[in-house]
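*Asks:* The structure's right below; bear with me while I get my questions together.
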Amino acid sequence: MKYSNKKKWLKVIEFAIVGFALWLNPSASLLIFLLKLCFQILYALQKDEKK
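The structure is reproduced here in structure tokens:
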């Protein structure tokens, strides 16, 4: 799969997971922040893999 295609799918998955987590518990801001941080780490790892 192309990198741009993977990135698009990862964005969709991130949106769905974070949206679902916010729907379950909107007051868990620290956990949502950590979840978004995990996705940023995944983006960075994929960029390293591309090089």
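Residue numbers (the working numbering): 21 to 71. Note that beta-carbon positions come from the ideal geometry of N, C-alpha and C, so glycine has one too. Computed from a predicted model, the values in this text were never measured in an experiment.
Indicate whether Val38 and Ile52 have their beta-carbon atoms separated by less than 8 angstroms.
*Replies:* Locating residue 38 in the sequence shown gives position 18, counting from the first residue. Locating residue 52 in the sequence shown gives position 32, counting from the first residue. A contact, by the Cβ cut-off of 8 angstroms.
*Asks:* Helix, strand or coil for Lys26 per DSSP?
*Replies:* By 1-based counting over the sequence shown, the position of residue 26 is 6. Helix at Lys26.
*Asks:* Express the C-alpha separation of Glu34 and Lys56 in angstroms, rounding to a whole number.
*Replies:* Here residue 56 is taken as the residue at index 36 of the sequence shown, counted from 1. Here residue 34 is taken as the residue at index 14 of the sequence shown, counted from 1. Going by the C-alpha atoms only, they are around 8 angstroms apart.
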